[in-house]
Structure formats: C-alpha cells, structure tokens
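Counting with mature numbering (1 follows the signal peptide of the UniProt record, and there is no 0), you get residues -19 to -1, 1 to 597 for the letters of the sequence shown.
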Amino acid sequence: MMFSSSSFVMATIFAAAQAATTGNATTSGNSHYQYDPAQAHLEGLNGTISHSYLGAMLGVVALLLAYSLTLRLNAHIRHLASMSGAGALRYFSSASPAISLVKSKLLYAPILFYRRAREIRFSRRVTFGTVPTRLQTSFILSVVITNFFLCTWNIPWSKPEQQLLPVLRNRTGTLAVTNLIPIMVMATVKNPLISMLDISYDTFNLMHRWFGRLAICEAITHVLCWLIPKVQSSGWAAVKTSLDSPFIYSGLIAAISLVFILLSSPKVIRNLAYEFFLHLHVVLVVLVLVFLWRHLEGVPQRGLLLGAVIIWATARSLRLVTLVYRNVGRGGTKAKFEPLNGGVVKITLTSPRPWTYRPGQSLYLTIPSIGLWTAHPFSVAWSGIEDPLSRSSSLRSNYSEKRPAIHIYSKDIEKRGEETISLIVKKQTGMTNKLWHRAMTAGAGLELNALIEGPYGNERSMSSYGTVLLFASGVGITHQLGYVKELVEGYGHGTVAAKRVTLVWVIPTTECLDWIRPWMHEILSMEGRREVLKVLLYVTRVSLSQVIRSPSEHVQMARGRPDVETLIASEARQKVGCMGISVCAGGGLADEVRRASRAMLDNGVNVDFIEEGFGW
C-alpha cells in the first residue's frame, strides 16, 4: 500500500509535467499572451523547465530512497548480527570516521553553534520557530537558488521592459504553479514518503512552508510583471477595466489568497491561534485552487495545477476514509477522561477498529462536543488490553497543594478484555485547554464521543542498537514509553539487540509520576527488566524539605536537571554495540542531548541520534 501510494504520487507529478510540456512550444492559448516569435521561443522553455524541475525532485526522492534502504539494510544486518554474540556487538560499537564526520557536522548539526530545537522567543507567548539543521538548510538553500536561477535563466534582460516583463511574468507563473505539486505532497500527514524515506513529518512540514514561500514570492512577481507595464502604458484606469475579465480577476483573487496564507502562517500566529490558522489555511487553499483553475483555462500550465489538485484531493479523501473506517460501527469511538496533576488529562480511547500499536505512532483526535472541526495530533502513550482491576486501582489525586494527596478508587469503566489506546494530554491553548477544563469540571467518569484518525508517524525501530538512551521531558514521555516496553519485552524474548536501555525523564514535580504509574508498573514487572533497564528521574521543582528517595538501584530519582554530557559519556564508556540516542523533549534538553551525541561521534563512538518533534 505504501509503495502503491508513493507510485501514484510520482506518476501524478510526471503526468503533470508532461501535460505542462505539451503545447508550450507555441504561444499560450489565452488571448492575453501575444508574443513575437523570439518571445514565443522563450515561452516554450517554460514547459521544459517545469518538466526538468519536477524530474530533478523525483531524482532527489530516488536518491533519498536509496539512502534510506541502505540504512535499513544496515540496521537489519546489525540487528541480526548483534544477537549472535558479543563479538558482533563490539564490531558495531565503533564507526567509520567519515560517516561520523558527516553525522556530526552535517546531519545532526544546527546551522551555527548548538541551538536547534529551542525556539527563538520574543516573549513567553510570542515565538519565531526553531533553527533547522545544516542538512535541512542546505536543501532549502539549494531549492531557493534553483528557483531563482530558473526564474532568471535565458530571460532577455537586454530587451525593452515591455518585452521583458511578459516573459518573466510567464516564467514566474509557471514555477509558482509547478511548486504547488511538492507543496501538496509535503503538506499531508498521509504522505507515504514519510515512511519510505524515513523523514519525519516535522521535516516535510518545514519544506512545505519553504516551498510555499517560494511559490507565493513567484506569484507576487507574476502579478507585478503584469501590473507594471499595464500601468505604464495605459494607467490605473486600464487596470480597473481589466478586472472585468474573468482571467484577470481570478488570477488576482488566487494571488491575494496566497498573500493571506503567507501573512497568516508565521509561527507566532500558529502558536497564538492554531485552530484559527488551520481552518483559515484550508479555506484559502481552496480559494487558490478554484480561482487558479479558472485563471489557467486554455493554458498548458493547467496540467500542473491538475496534478496538485489530484494529490490534495487524494490525501483528503484517504484521511476521510481512514476516519470513517476507524470510527464507524459498534457505537463508535469513546473517550474516557481522567484529570491528573500538573495540568494533564489522561484520555483512554476505545475504537471499533483499533490497530496494533507500534512505538513512535501518533493519531489525530477530534471531540465533536468540544471542537467538531478541530483534529489535534497526539502521541500514543500506551495501547493494549486494559484490565478493570488495574484501571480501578489507578490513582486519582486531590488537587489541593496545601495538603497531602488523597487517593480514591475510580469505578470500573472498562470492560474486561477491551482494547484501548491511551493518551497523556498537557493543557496548552485551544483544544487542549478546553479538554482539561471539561475534564476538571465533570470530574471522574467523563465519557464523550470521539473521532480518531491514524496511525501516523515515522515508526523508527530501536531494536538493532545494543545500547539505547531515551530522553524525555514532561509529556514527551508518551513517545518513549512504547520503546521502553518494546525493548524490555524484546530482551526477555531474545528478539532485540539491546543489552542496555536507559530512560531519562525530566519532570517538574513528583506528582507527574502518576501520569504513567500503572504502565511503568507493568514494564518493571517484565521478565529480564533488571538486567537491561535503568530509569533515571530528575525532578526540577522540588522543595529542599521534600525527601527524594530512589526506589531501587535500577530506578533512581534526583533533584535538578541531568548533566546530559556526563550521563551520555558514562553510558558510552559502558556501551554494548551501536548506541541509539532518542529525545522527545523541550528545546533546551533536546539541544543538550544533540550536542552530547555529536561530541560522542567526534570521539569515535558509533551513535545514531533521533529527535522527535515536541510540537508542530
């Protein structure tokens, strides 16, 4: 299914390029484009350029696919070999100096210094996003330079302005429409390339935004190249008269919609009003596609637009099919809410058609009674058959900070043997804030109808690493918990290479332990857990009078923040086989883990660093 979907995307891109090429050797079929033979020849280059541009992008996809398959083959061989004995583990413990250099200085390195995941902030609420890696920056720059080159290549700059601007107008218009294809491919979470290329949705989303900015800049240039000669030759009255033409007003509406997309999409706006941004974004995209379709009537570039529309419509349709499949039947999907300390809500979902959960997966959750048109992404914290005895003995705390927590038993709200999916949701703004207030107001036993869509996410296996370090802060534990369970369970069954697994969880207060207490009890009772798993808990906001006790040698608790570099260096000295280091945390901790991982690579340690986005 994954390869057939990606083949469809690639076939659509190729067909769109072919359609754009056809007929471009002559002047445009629209009456607004009338050139002399020399200009017609230059216009004929547009189809060739769009064809070559899309072909180059397919070439990049092919190279990335080959690289991804090579990495997967290497991981599979390492996985099999590492289970055969200590000799194979020692072999994979050191890395090629060249590969380590590429990882340290390109793949994992921020643009400058060490800051990548920590957001650039003007204030607590006003942020300007994060810094990309050097590899991401190199790709973005190459795309920007390529677009600039293609916009300006072989343009008759020596010609008079009245002859030059129409050629530049059509070139920028063609490239703006061409860029809609990668924009649509990278926009959807249903993108099969996420799994095929082993590239996160965060990275695709970053590239989606940059391709979008390029397309908007090209569309603005396209409009200006029409407007300037029009005003110079006939004045603003002629511009007003031109607005009576469907060809002109449809193009202007599409361009204005693109400008509004640009103005409404900065990180600061997405943070302050994400739901508003998302709904406005969809409306504006529909306006762009509809009016651009009218604008390109009789123009060969309509084939490019058709490709973009097909990709967008297919992605939306597949999401709708997934939504219906997961939620229709047997009473639909139900969500049970349990408010916890620290502004957190535990949501337990029962679906007519649950799936076999794999670590790293996420889903989209909609609660119609709270926000019918809002689908929010959440990492899956846990999945399995929930026993009513463990459910009924789960702890619910009195939220007063002035007295000790009073624990009471919640009534049995699960049927024995019922398969559930559990989420841990931190109160922020928008939907999560509404969820928390609704759960707190209703108290125990709140159950609402829900819609889930998924699973999504890049399912990266950690089974081939002899030594695994998993870092998390706050609700980032939801991403790592599945890996802990999989690795400990696999160690007991002899199906993973892992011989050392360390979970590092940074939390503000000890009350946060209640978020995952029943699940950790299940993990800590697994066969072989003592031989493979070590849990390090760091509590950052604990009073000096509060006693911090480590439950055991394998579960240790400490005040303050971890010394990440010392911790990773210590694990590296005792490591077995290749090290896999994963982090799902706030920007500060994530950057510290990245920095320490790069330092280990510089020291010759074979390390793979994996960062899971803490928020989109």
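Quick reminder that beta carbons are idealized off the backbone N, C-alpha and C, glycines included.
Everything numeric in this text was worked out from a predicted model, so none of it was measured.
In this structure, the alpha-carbon of R115 lies about 50 Å from that of R311. Less than 8 Å divides the Cβ of L70 from the Cβ of V557. Between the C-alpha atoms of Y182 and G438 there is a straight-line separation of about 7 Å. Per DSSP, the beta bridge partners of F318 are I328 and L427. By the CB criterion at 8 Å, N128 and L156 fall inside the cutoff.
Beta-bridge analysis with DSSP links S364 to I402. Secondary structure of G435 (DSSP, three-state): strand.
With contact defined as three or more Cβ pairs closer than 8 Å, the region 411 to 429 and the region 324 to 336 are in contact. One Cα belongs to N430, the other to T490, and the distance between them is close to 32 Å.
For L233, no beta strand (DSSP E) run applies; the uninterrupted alpha helix (DSSP H) run containing it begins and ends at P227 to S245, by DSSP. Under the three-state reduction of DSSP, M538 is assigned to strand. Look at the beta carbons and you see the region 534 to 541 not touching the region 562 to 571: under three pairs across the two are nearer than 8 Å.
Sixteen is the threshold: when 16 or more other Cβ atoms of the shown chains lie within 10 Å of the Cβ of A316, as they do, the residue is buried. Taking a cut-off of 8 Å for Cβ pairs, the region 99 to 112 and the region 565 to 579 touch, as three or more such pairs fall below it. Counting along the chain, G473 sits inside no beta strand (DSSP E); it lies in the alpha helix (DSSP H) bounded by residues I458 to H474.
Take the alpha-carbon of V588 and the one of P543: they are about 20 Å apart. Buried is the label assigned to Q282, since at least 16 other Cβ atoms lie within 10 Å of its Cβ.
Setting aside the 5 residues that flank it on each side, S531 is surrounded in the same chain by Q537 and M538, each with a C-beta closer than 6 Å to its C-beta; the list follows chain order. Sequence-distant Cβ neighbours of A356 in its own chain, meaning closer than 8 Å and more than five residues away, are Y345, L346, T347, L432 and E434. Contact between I136 and V148 holds, with the beta-carbon distance rounding to 6 Å and staying under 8 Å.
Judged by DSSP secondary structure, V125 falls within the alpha helix (DSSP H) whose first and last residues are R115 to T133. Counting only runs that start and end inside the region 125 to 193, the alpha helix (DSSP H) elements of at least 4 residues fall at 142 to 159, 161 to 168 and 174 to 178. If the five residues before and after G216 are omitted, its C-beta is found closer than 6 Å to no C-beta atom of its own chain. Shortest Cα-Cα distance from W486 to any of K480, H502 and K515 involves K515.
In this structure, the CA atom of L253 is about 26 Å from the CA atom of A362. S63 is not a Cβ neighbour of A553, given a cutoff of 8 Å.
Taking the Cα of T547 as reference, the smallest distance to any Cα among T337, L518, R540 and S578 is reached at S578. Note on Q555: under 16 other CB atoms within 10 angstroms of its CB, so exposed under the neighbour-count rule. Contact check for G411 and E256: beta-carbon distance about 5 Å, within the 8 Å limit, so the pair qualifies. I405 is not a Cβ neighbour of P335, given a cutoff of 8 Å. Each of N151, T169 and L451 was checked against the Cα of L518, and the nearest Cα belongs to L451. When the five nearest sequence neighbours on each side are left out, the beta carbons in the same chain lying within less than 7 Å of the beta carbon of E467 are those of P340, in order along the chain. By the beta-carbon neighbour count (other beta carbons within 10 angstroms, threshold 16), Y89 is buried. Distance check between E278 and each of V309, E142, S298 and I229 places I229 closest, using alpha-carbon atoms only. Here P91 carries a strand assignment [DSSP, helix/strand/coil].
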